[in-house]
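Mapping of the sequence shown onto mature numbering (1 follows the signal peptide of the UniProt record, and there is no 0): residues -27 to -1, 1 to 991, in sequence order.
Beta carbons: idealized from backbone N, C-alpha and C, even for Gly.
Everything numeric in this text was worked out from a predicted model, so none of it was measured.
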Amino acid sequence: MAKALFVRGSACAALAWALATAGTAQAQIGGDPAPAQATPVDEASSAPDIVVTGTLIRGTPENLAVPVDVISGEELAKQGAPTAVDLLKNLTVANGTVGDANQFDNRAQGSEGVASVNLRGLGPQRTLVLLNGKRMVPSGLGIPIVDVNMFPAAAIGRVEILKDGAAATYGSDAIAGVVNFITRTDQEGFLVSGDYRWIDGSKGDYGGSASFGHDQDGFRIFVAAGYQRRSELRFTDRDFAVQPYPTNPQGAWTGGGNPGNFDFNGTVGGINLTTDLGCEGLGGFRSAPGSNTDRCFTQFGQFDNLVEPEERFQAYVDTDIDLTDNASLRLTGLYSFTNTRVTSSPSYLPTLPPSTNAAFGNGSLFVIPGYAPALRDYCALYGAQAGCTRGTSGALDSAVGLPVLFRPFLLGGNPLFQDRTNDRGSAISKRDTEAMRFTAEVNVALSSNIDFSTSLTYSEYLRDYDGTDSFGDLLQNALAGFGGPNCAYASTASRAGLTPAQLAGLAGTNGCTYFNPFSTAVPANAVTGVANPNFAGTRSPTGFSLAPGAGLINDLANIDLFFRTSNTRVRTQQYVADMAFSGRTGLRLWADQDIGFAFGAQYRKNTFQTRLNADANIAINPCPGTPLNPAATCNPRTGALGFLGTNPERDAQADVYALFAELQVPIIDAINLQLSARYEDYRGNVGSTFDPQARLKVEITDWLGLRGGIGTSFRGPPPQNLSGSGVSLQVIGTGFRAVEVFGNPNLEPESATTYNAGVLIDSGPFNASLDYWRYDFNGPIESEPVSGLAAALFGASGTANCGNPTFAALQARYTFNLNGCGINNVARLRTQVFNSADVKTSGLDATASYRGELGPVELAVGGAATYVIDYKVDDLLVEGVLVQPAFNAVGQLNFQTTAYPIPQWRGNWYVQGDSGPHSLRLQFNYVDGYTDQRGPAIYGPNLGALGGFANTRGKEIGSWRTFDATYRLALDTGTTFTLAAVNIFDRDPPFARLDPNYDSFTASPLGFTLKAGVSQRF
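This is the structure:
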């Protein structure tokens, strides 16, 4: 803390000095500062051949009715060159940004190292992301999004944001709008830069870039490359991220951990689970007196990160060659890779019970036989408190565990992963990405008024990621003493015909080893370092062997056999061929400008492919018993992995044919009409769609204008959503459960009708705009909402509609443990992708800026804000049951619904001063508070763990307010120094009843950061 205060104080002193001395400067800095949303397209460029986002017609943008905002490279520099994640989270027109680590929300799972744009909060898959006006292939993640981390910052000249549906111009995916990253074409010579960002608790983030440009004799070339390194930031590096169970039971706590919960007298007298008595000594939380269960709750968040370590590289090349006086060829290439290492819980719940192919497997419970050394030692250690019983023969009764109420590893870490770089023993998985895109474009001036262009674009995105999980039957074998790679009696066939007594005699012999699931196997809490006084290796109990695998101390070879690393490689590819004619007709109405036109055709081919290693492949391991018995059968096929599940390999393809046309019609000099239309044919069951759009701009005076538009947009179903399946991890009841998501061949394209109307003011130094927008969105393609499915079936009691015939089809979606239908007995849930409930959302965007002089200082003041009026979601039915009643998502967290968090207000305001080589910018960012609308299941009496206490903390999530400051010094030598302080007052993100204790879609966990950068032109 002292170091953070020192750094923050030093930064503020430096910035204050810069402001005090700014008036003495002589050199002049070009470029006008503005917030991300505040520069209207009219001011972006007046070049006669520019193509502005939102139109296909080359020409001046001054009369366009398109609601486009521009973020120039100079503006980004004056904001301290924010990262893609920081930039996107500060866009007032965006909500629900994916970028920071959030493996706990199914909308972000698997996206570590990825950043996306989510205009209007309608979902990042509904914002079309372009590079130089051309498509990028979406990722093959659960939500198909374009990863903007693949763009080298050194290559970007400006970013244009079209805040309106644009399918009529660009086709599928442009429902919420378009974000167009446009590369620089005017650089001459070399530019190199580097920066380091200090972050308390981590090793900091750093990066560098280099670029070169040259234009001479009909040949232009531009090359850019960048490298970034992001350092790990753990939960334990932030006080707010690790909360006691009573403060936030949803704060990355689980009722199925290690130490776990077992019935220590087997099935005698029914199943009566109690906590492992080593729970509290290792840092777990035991149910409070008066609770209706006795459970050990353990916190897995201590093993996770708020920021995962990432390493990225990007390279971009752009050449433009004059073939003749009227024709040119443009070739571009982009390559990037990202290496991310994800830390997660040391192990997951074995939600699938062991089959009868395992030793003592019974298809419902995990069994620790009475002869197992671990159980005998535990019962002796705790005596009567343990609750162990003996049968009529005097032999110890077996202990049993429900699949969702214990796991192999948690508070002690996973010894397979413990080393000097991973002292916690978190499970480590890779998330690697490789992406590329190549374009070839020919532009021909057929006449002084007509241009022709044709292009080919190929892009590819490869995601290579791991998952760590247990083979449930191999875990059961180890519990019974038949684990290890050299066990002679591991297979089902080798144990055929043996009696329980014979098995007891063979267990732990002939190369077979045991696994101890109890707290007595844990030396210490791997995070806090607190030693376990009841660790068997410390106590050395009489009559037991302490050799690894003999029953008390676990051995790595045994663990390595049942704890597996699965691998999935997802490749998406896109081929695009298009051609277009554009220009001026030579025809006029009552204006001094000709009617402009564009028309053309496009073909797109999208492919999706998954390849799995054997552990993750359901064709190789179709059943829990397959690793022990290749002939094992099961119905349905669930795979062998206990939590993440196994999947089929998939190949899918979609071919799209499109025709499009556009007219720019200057009716009179003060009125301009834009008409656009597009027809797309998806073939097959998906069908075709036709989408028109009209926009109008009216200049009432030289300084006052009006604009408006209406049109339809659409998004066709991605090929991966039409078939196959995947698994996400979502909270049901008291912990995470495996949720299978199946594709749906009957999906229809989603569509929207969009409206906008605005007022524009351009009065010399003052500029402002106020726009109303509305989306009527029909049939959005979503995964069925888990929270709604659970609330409909289980209700407030946890079993409300179990057995109700009306809910039979919904109940059949669930797999329960031995205790039957109940919210805390869920093992797995089967869902599908479907056309969800209709959405209607509307709001206001406002921007304003003023430029003037204050003595020797060029002063600019401005801001941008978005106010969401409503975000209404209709009733949603699944299996004929109302699972999500109609609701208004504005001002709500919307956890596990079909909406993202939608704060009502977002804004940022700035003051910018330039004087000579000095530039200083101060900015205030604001996100309104919102409500967690979850009900009694979260905020009502907690009978299971807190003795009926109702904790309402977090029901209201506070506003997120930060102050930033950026100072730049640009010298005549071509050297520029930058110092950027973000979140100067070191505010923690607002508390939320979520796993990381804040909402990662909206706020940031970093606190105060300080970035220093330098660049040099040659």
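Residue pairing from DSSP places N915 in a beta bridge opposite F922. When Cβ pairs closer than 8 Å are counted between the two stretches, the region 543 to 550 is seen to touch the region 570 to 582, the count reaching three or more. Contact annotation: I294 and L302 have beta-carbon atoms nearer than 8 Å.
In the DSSP assignment, K403 falls within the beta strand (DSSP E) that extends over 400 to 418.
In the pairwise beta carbon analysis, the region 171 to 189 is classified as not touching the region 112 to 123: fewer than three pairs are separated by under 8 Å.
Cα atoms of Q160 and G181: separation of roughly 18 Å, rounded to the nearest angstrom. Each residue's CA atom was taken as its position, placing S45 and G130 some 6 Å apart. In this structure, the CA atom of A810 is about 29 Å from the CA atom of N798. Scanning F780, Q989, V152 for the CA closest to the CA of G27 turns up V152. Bounds of any alpha helix (DSSP H) do not take in T501, whose DSSP letter is neither H nor E.
In this structure F508 is not in contact with L448, their Cβ atoms being roughly 21 Å apart against a cut-off of 8 Å.
With a contact defined as Cβ atoms closer than 8 Å, A965 and I911 miss out at about 11 Å. For S977, the secondary structure class from DSSP, reduced to helix, strand or coil, is coil.
Taking C-alpha positions only, F950 is separated from T939 by approximately 11 Å. For C269, there is no enclosing alpha helix (DSSP H); the enclosing beta strand (DSSP E) covers residues 269 to 272.
Per DSSP, the beta bridge partners of S988 are S166, T949.
Counting only the Cα atoms, A139 lies some 25 Å from L677. Excluding sequence positions up to five before and after T619, its CB lies within less than 7 Å of the CB of A589, N590, I591, N594, G612, A613, all in the same chain and listed in chain order. In this chain, the alpha helix (DSSP H) harbouring D533 covers 529 to 535. Taking 3 residues as the shortest admissible run, the region 326 to 372 contains the following complete beta strand (DSSP E) segments, listed from N- to C-terminal end: 339 to 341. Each of N540, G456, G374 was checked against the Cα of I401, and the nearest Cα belongs to N540. Contact check for G569 and I30: beta-carbon distance about 4 Å, within the 8 Å limit, so the pair qualifies.
With respect to the C-alpha of Y169, the residue from F991, A954, G980, G191 having the closest C-alpha is A954. The alpha-carbon separation between L64 and G816 amounts to approximately 15 Å.
With a cutoff of 8 Å on beta-carbon distance, V66 and P97 are scored as not near each other. Taking F455 as reference, the option from F333, C361, Q201 with the minimal CA-CA separation is F333.
The three-state reading of DSSP puts M552 in strand, counting E and B together.
Setting aside the 5 residues that flank it on each side, N422 is surrounded in the same chain by G556, R557, G559, each with a C-beta closer than 7 Å to its C-beta; the list follows chain order.
Nearest C-alpha to P496 among A769, A627, R397: R397. Annotation: F270 to Y218 spans about 8 Å, alpha carbon to alpha carbon.
Within a 10 Å sphere around the beta-carbon of S318 sit 16 or more other beta-carbons, which makes this residue buried. Taking the Cβ atoms as the reference, D446 lies roughly 20 Å from L348, outside the contact range of under 8 Å. S932 carries a coil assignment under DSSP once its states are collapsed to helix, strand and coil.
The alpha-carbon separation between C352 and T329 amounts to approximately 27 Å. By the Cβ-count criterion, V806 is buried, with 16 or more other Cβ atoms from all chains shown falling within 10 Å of its own Cβ. An exposed status is given to K176, since fewer than 16 other beta-carbon atoms sit within 10 Å of its beta-carbon.
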